[in-house]
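What follows is a set of notes on a single structure, which appears directly below.
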Amino acid sequence: MNATFRVLVNDLQQHSLWPTFADVPNGWMVMYGPAGRQECLDFVSRSWTDMTPRTVAELAAS
24 MNATFRVLVN DLQQHSLWPT FADVPNGWMV MYGPAGRQEC LDFVSRSWTD
74 MTPRTVAELA AS
């Protein structure tokens, strides 16, 4: 199966692997892709280094 995906990101900077056949849900934007599954997973590994949601990280920093 040669499915293609996108990497989506929401306002909290959470990432999601999303198939290209599905509509992008409200509150999410495309950050990478379309590409193969492994390419998208590699992108997520490189770019989402802190899984703490943005609001929690901001509170911890203050």
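Under this note's numbering, the very last position in the sequence shown is 85; numbers go up by exactly one each time.
For each residue, glycine too, the CB sits at the ideal point set by N, CA and C.
The model shown is predicted, which means the values in this text are computed figures rather than measured ones.
As computed with DSSP, V53 is found in a beta bridge with L31. In this structure R29 is in contact with G56, their Cβ atoms being roughly 4 Å apart against a cut-off of 8 Å. An exposed status is given to F44, since fewer than 16 other beta-carbon atoms sit within 10 Å of its beta-carbon. The continuous alpha helix (DSSP H) containing D65 extends over residues 60–70. By the CB criterion at 9 Å, A26 and R69 fall outside the cutoff.
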